[in-house]
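Asks: Chains as they are written, first to last, in our numbering: chain Z, 1 to 580; chain X, 581 to 743.
No residue lacks a Cβ here, since even glycine has one placed at the ideal position from N, Cα and C.
Note that the structure is a prediction, hence the values are computed from the model and not measured.
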Amino acid sequence: MTIRRRDFLTLAGVAALSGGLPRTARSAETAYDLERFGNARILHMTDTHAQLLPVYFREPSVNLGIGAMQGKPPHLVGRAFLDRFGIRPDSAEAYAFTFLDFEKSAGRFGKLGGFAHLKTLIDRLRQEAGPGRSLLLDGGDLWQGTGLANTMQGADMVEAANLLGIEAMTGHWEFTYGEQALRSNLARFKGEFLAQNVFLTEEAAFNDAKAFDPASGRVFKPATIKEIGGHRVAVIGQAFPYVPIAHPKRFTPDWTFGIRDDELQKLVNTLRTTDKVDAVVLLSHNGMDVDLKLASRVSGIDVILGGHTHDAVPQPIPVTNAGGTTLVTNAGSSGKFLGVLDLELAKGKVADVRYRLLPVFSELLKPDPAMAALIGKMREPHAAAYATKLATSDRLLYRRGNFGGTVDQLICDALLGEFDAEIALSPGFRWGNSVLPGQPVTMEDVLTETAMSYPETYVLKMTGGQIKDVLEDVCDNLFNADPYYQQGGDMVRVGGLTYACSPTESVGRRISDLKLGNGKSLEAGKSYRVAGWASVNEQQGVPVWDVFAKHLRAGKMPAQRGTGVTLKGVDDNPGIAGQG
Amino acid sequence: MTGKNNGFALPRRVILQGVASVALLGLGKIAFGAAPAFAANDKYPDEAFKQKSSDDAIKLLYGKTAEKSDKIKLDAPEIAENGAVVPIAVSSTLSDVTAIAFLVAENPNALVAAYKIPAGTMPSVANRIKMARTSNVIVVVEAGGKLYSTSKEVKVTVGGCGG
């Protein structure tokens, strides 16, 4: 602990967290001293994926931007990221924001996040702002990502959100528990659930399905107006636009989503002209590339507080549009970061802005006792099961990265073995924590990589042509040159298969050179036995966490291999730092 | 559907409007059969619906080529939630609109629907189209004897893998 404390003293202050204080005064107590600014403070958390406890989470070493997005935030990794944002290598911030020296730095700076630690930080920042001068927003993906959240269908996170004081949120994985669970959770949520882009389908409207506004068909309240710092601030919710496409449609049969620029513009105009608000904030789960494009098309939004793509971006990106400038942020994932937006509000406008994305270093923050007690109480019935040790990791386990991570290699190995399959497919989610080498891998860790509402495994026959089509399709969701045609998430992971990928090509032309594990070329007309999980079609197999746990219990981890993907045409792209 | 007229009114109107629009082509004879303007080309455009390419279908329907126009508003999703029923809507600020047609370039037969717009009718049509795969959706509007078009790519995907 003393060693870690010293690391923070000499390194953590670098990002000007404590302004002009002399170096000797920097400590755990002062690391989060922010220079006072403005008359209103908005705190933004997003994509915590229900991580109530502090986590290790390795940021990606591959996060490619294609076309106009190449080389621009958020598509920078490693050293290019540090250079762009002026972060010193080897610092606590470099550890929080990049994958560089992850294993070594994890030992020095410890875990990040945790709701008891977040609570302490949030309370402190709100107290500093003063009564009636702050707002706490959550961008969604709050209710999914742990065994506990999955078992309780997000109800645990509603309790935590209420204690934390979240005043408004929007959603993505929240929808995957289905309407009934969603509504039951929202009935107990003390804040507001906002979504301007979720409408009843025509059939559901015809059948009188429940809606916030039957006239427009909006299922949820689109926006709320909060008075902070003596000014009126509108917060608009933008849910993940592609819920019924990225997930099984059976969870949301009555609802239709989409980006809905036009409806958004009308809403902004009404808030500006009729409600005469002083500022408009979009609480978005679009993903950063979509938000950057949206900011260029929709005018009148001051700041987009973004999530979904799990990009931890230290500074807002200004985007000009017909009405002026909109700032676009993205606040990372897993509870690692807290966005602090300080506003100088004036009549009808934002006069000035300061934004910081604070890494939540768990060891610098005393856990809030009430939150710690709540978390302990909720976990208690499951604690013994979660603590079950399945294996000891002989390598760094992580998932995040465009093409693969070590966790998914193990899941694919488990699927291949369990189902005697030739090829395994595993979805490229961006959630899922890291486990350091030499650490035990517990049932809780397995659930943190897999817990969701459609975990069923499947085995089916697919032709080589169909397999290529799936890879092309997912790849286009990731690398389409127009962000409105992207869905977020990363490339589907493969086992028993290798291929070459040219991200800069168009759909149908990116994937080539498909080979089986034995080196033979995949034949378009031949059928193969494929195993996988998390299909959008209903499946009946055992949950993937059981398959994964059984595989880990069986003994030694197999030799480490690469992602199986050879990249083409991205040599100079600063969104890649080696195969990750 | 029993007597709850409040929240019900608008959606029903929307649907009725859609149905009426779709039926226009068939009802043309009955409703407007007396109008001489329709008499000449009132026949069901059988051949146009059989064309593979959108260009051929447009040529057969209207006998001319379309120029791009920003006075046509096409509402269509970027990514279809269900390729079998993709909701699209078109309206136009062009004056004297006489016809609107929808085409899906990559469908086995490109022409999806063609409407005649009687004089004095607001040129606004909503439809659901079936799409075999990712394609440009093309809308053609005949106005003042000239042909205009706009298009948007609608992606049809197998889905999965959200972050």
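Looking at the secondary structure, which residues open and close the beta strand (DSSP E) in which X/S731 lies?
Replies: 726-734
Asks: Quick test of the definition: if touching needs 3 or more C-beta pairs under 8 Å, does the stretch 701-709 of chain X touch the stretch 655-674 of chain X?
Replies: yes
Asks: Quick one: which residues of the stretch 126-152 of chain Z get their C-beta closer than 9 Å to a C-beta of chain X? List them in chain order.
Replies: Listed in sequence order: D141.
Asks: Which full runs of the alpha helix (DSSP H) of 4+ residues lie inside the stretch 98-164 of chain Z, going along the chain?
Replies: Counting only runs of 4+ residues, the alpha helix (DSSP H) found wholly inside the stretch 98-164 of chain Z occupies 102-109, 115-129, 147-151, 155-164, in chain order.
Asks: For a contact defined as C-beta to C-beta under 8 Å, what are the partners of X/P657 on chain Z?
Replies: What X/P657 touches in chain Z: G258.
Asks: Taking a contact to mean a Cβ-Cβ separation below 9 Å, would you say Z/P359 touches Z/A92 in this structure?
Replies: In this structure, Z/A92 lies closer than 9 Å to Z/P359 by Cβ.
Asks: Just to make sure I have the definition right: I need the residues of chain X whose C-beta is within less than 7 Å of the C-beta of Z/V470. Which are they?
Replies: Residues of chain X with a Cβ closer than 7 Å to the Cβ of Z/V470 are, in chain order, V738.
Asks: Go ahead and label Z/A384 buried or exposed: buried means 16 or more other beta carbons lie within 10 angstroms of its beta carbon, across all protein chains shown.
Replies: exposed
Asks: Can you determine whether any heavy atom of the ligand ZN sits closer than 8 Å to the C-beta of Z/F102, and answer yes or no?
Replies: Within the structure as shown, the ligand ZN is missing, as the structure has no ligands at all.
Asks: Can you find the residues in the same chain that come closer than 6 Å, C-beta to C-beta, to Z/H172, ignoring five residues on each side of it along the sequence?
Replies: By the criterion of a C-beta distance shorter than 6 Å, Z/H172 is surrounded in its chain by G140, D141, F240, H285, once the five residues flanking it on both sides are discounted.
Asks: Would you give the residue range spanned by the beta strand (DSSP E) that Z/H551 belongs to?
Replies: Here Z/H551 belongs to no beta strand (DSSP E); instead the alpha helix (DSSP H) covers 544-553.
Asks: Would you decide whether X/T645 is buried or exposed? Buried here means 16 or more other CB atoms lie within 10 Å of its CB.
Replies: exposed
Asks: Could you pull the start and end residues of the alpha helix (DSSP H) that Z/T270 belongs to?
Replies: 261-273
Asks: Any idea what DSSP makes of Z/I411, helix, strand or coil?
Replies: helix
Asks: Just mark Z/R36 as buried or exposed, buried being the case when its beta carbon has 16 or more other beta carbons within 10 Å.
Replies: Around the beta carbon of Z/R36, fewer than 16 other beta carbons sit within 10 angstroms, so the residue counts as exposed.
Asks: Let me confirm a value: Z/A387 is counted as buried when at least 16 other C-beta atoms fall within 10 Å, else exposed. Which label applies?
Replies: Exposed, since its Cβ has fewer than 16 Cβ neighbours within 10 Å.
Asks: Can you tell me whether Z/Y499 is buried or exposed, with buried defined as 16 or more other CB within 10 angstroms of its CB?
Replies: Buried, because 16 or more other Cβ atoms sit within 10 Å of the Cβ of Z/Y499.
Asks: How about Z/I301 and Z/K72: do their beta carbons lie closer than 9 Å?
Replies: In this structure, Z/I301 lies away from Z/K72, with their beta-carbon atoms at least 9 Å apart.
Asks: CB-CB under 7 Å to X/E627, same chain, minus the five flanking residues each way: which ones, in chain order?
Replies: L640
Asks: Using the Cβ count rule (16 or more neighbours within 10 Å means buried), how would you classify Z/A195?
Replies: buried
Asks: Against chain Z, with Cβ distances strictly below 9 Å, would X/I668 count as a contact?
Replies: no
Asks: Roughly how many angstroms separate the alpha carbons of X/L654 and X/A694, rounded to a whole number?
Replies: 15 Å
Asks: Three or more C-beta pairs under 8 Å: does that hold for the stretch 169-188 of chain Z against the stretch 140-156 of chain Z?
Replies: yes
Asks: State yes or no: is the beta carbon of X/A685 nearer than 9 Å to at least one beta carbon in chain Z?
Replies: No, X/A685 does not count as interfacial toward chain Z.
Asks: What do you get for Z/V435, buried or exposed, if any count of 16 or more other CB atoms within 10 angstroms of its CB means buried?
Replies: Z/V435 should be labelled buried.
Asks: In chain X, which residues lie with their C-beta within 7 Å of the C-beta of Z/D473?
Replies: T737, V738
Asks: Look at the Cβ atom of Z/F548, then the Cβ atom of Z/T450, and state whether they are nearer than 9 Å.
Replies: yes
Asks: Does any C-beta atom of chain Z lie closer than 9 Å to the C-beta of X/N748?
Replies: Outside the displayed range of chain X (581 to 743) lies residue 748 of chain X, so it cannot be described from this structure.
Asks: In chain order, which continuous runs of the beta strand (DSSP E) of length 3 or greater are located wholly inside the stretch 211-240 of chain Z?
Replies: Correct list: 223-228, 231-238.
Asks: Would you mind working out which of X/A685, X/V677, X/G700, X/V719 sits nearest X/R713, comparing C-alpha positions?
Replies: X/A685
Asks: Taking the straight line between their C-alpha atoms, what separation do you get for Z/D123 and Z/G113?
Replies: Distance between the alpha carbons of Z/D123 and Z/G113: 15 Å.
Asks: Counting only beta-carbon atoms, is Z/N480 nearer than 9 Å to chain X?
Replies: yes
Asks: Considering Z/G495, what are the terminal residues of the beta strand (DSSP E) in which it resides?
Replies: Under the DSSP assignment, Z/G495 falls in the beta strand (DSSP E) whose first and last residues are 490-495.
Asks: Could you run through the stretch 226-251 of chain Z and flag, in chain order, every residue whose CB is less than 9 Å away from some CB of chain X?
Replies: F240, P241, Y242, V243, P244, I245, A246, H247, P248, K249
Asks: So what does X/R708 bridge to, in DSSP terms?
Replies: X/P667
Asks: In the DSSP assignment, what residue or residues form a beta bridge with X/A681?
Replies: X/A694, X/V720
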